[in-house]
Amino acid sequence: MNVATLTLGALATNCYLVWQDGSSEALLVDSAGDAGDTVRAAEQRGLRIALIANTHGHTDHIESLAVLKERTGAEVAIHELDAPMLADAMLSGAAMWGEHHEVSADRLLREGDVVVLPGGGGELCVLHTPGHTPGSICLMGEGTLFSGDCLFAGGIGRVDLPGGDEQAMMMSLGRLAQLDPEIAVYPGHGPATTIGDELRGNPWLTGL
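Under my numbering, the first residue of the sequence shown carries the number 366, and numbering increases by one thereafter.
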């Protein structure tokens with residue numbers, strides 16, 4: 366499984382192109398920034414974005430979603446509890462920036478669902494990890510975790526925004542703390558890390 370990191374948008378949000386060797390189609394995890402930048406990054410690698418999986422529905426993670434869906438024909442997947450945020454500027458926070466996004470999901474994700482990489486040959490399991498938003502998810506597969514805004518290197522996502530829940534976040538973090546320490550973590554913001562490094566140095570995970 367190949368992963369390319371794209372850091373885009375005003376809040377330096379990480380998006381990830383994910384694809385298998387030999388495939389000309391890719392999964393995009395989250396959709397920040399300008400759609401043109403994302404499409405060009407895919408084309409430079411000989412890829413077409415065929416599926417977009419959003420870790421949650423905040424505006425910085427769905428900023429280019431509607432345009433990308435129109436330009437690429439990609440299917441859109443998000444957890445069922447965050448799906449309303451895709452068309453509600455108040456729920457997503459887009460209204461705070463004077464923006465409005467309106468897009469519908471093609472697939473509603475739930476705990477335990479499997480996201481198959483376009484072109485086949487790879488799978489990511491959906492872990493429902495609420496706390497940052499009610500429908501926040503992580504995607505895990507092949508020693509890799511896309512953690513969205515649940516877990517960062519040295520920190521965690523905010524729980525003081527609408528829909529945030531500190532108790533739910535701590536339960537989600539406790540779940541991640543049980544994963545293999547060697548798993549590589551690709552977060553929604555900041556540098557990549559590992560579960561082991563976070564268990565040793567992240568104050569939110571120590572003792573879990």
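Glycine included, C-beta positions come from ideal geometry on N, C-alpha and C.
Fair warning: this is a prediction, and the values are worked out from it, not measured in the lab.
* Asked: What runs of the beta strand (DSSP E), each 3 residues or longer, lie entirely inside the segment 485-535?
  -> 488-493, 502-506 and 509-513
* Are the CB atoms of Ala400 and Val441 nearer to each other than 7 Å? -> no
* **Inter-residue spacing [alpha-carbon to alpha-carbon] between Gly513 and Gly374** => Cα-Cα distance, rounded: 15 Å.
* To do: Inspect the CB distances between the segment 383-393 and the segment 465-479 and report whether three or more fall short of 8 Å.
  => no
* Local conformation of Leu376 per DSSP, three classes -> Three-state result, Leu376: coil.
* Asked: When the distance is taken between beta carbons, is Leu510 closer than 7 Å to Leu489?
  -> no
* Is the distance from the Cβ of Leu446 to the Cβ of Pro527 below 7 Å? -> Result no, Cβ atoms of Leu446 and Pro527 do not sit closer than 7 Å.
* Do you know offhand how far Glu428's Cα is from Ser396's? -> 6 Å
* How big is the Cα-Cα spacing for Arg523 and Ala439? -> If you draw a straight line from the Cα of Arg523 to the Cα of Ala439, it is about 29 Å long.
* Continuous alpha helix (DSSP H) stretch holding Leu564: start and end -> Ile560 to Gly566
* Please state whether DSSP places Val468 in a helix, a strand or coil. => coil
* **Spatial distance of Gly398 from Thr378 (CA atoms)** => Approximately 8 Å between the Cα atoms of the pair.
* Asked: If you run the structure through DSSP and keep just helix, strand and coil, what is Arg475?
  -> coil
* Asked: Going by other Cβ atoms of all chains shown within 10 Å of its Cβ, with 16 needed for buried, is Met534 buried or exposed?
  -> buried
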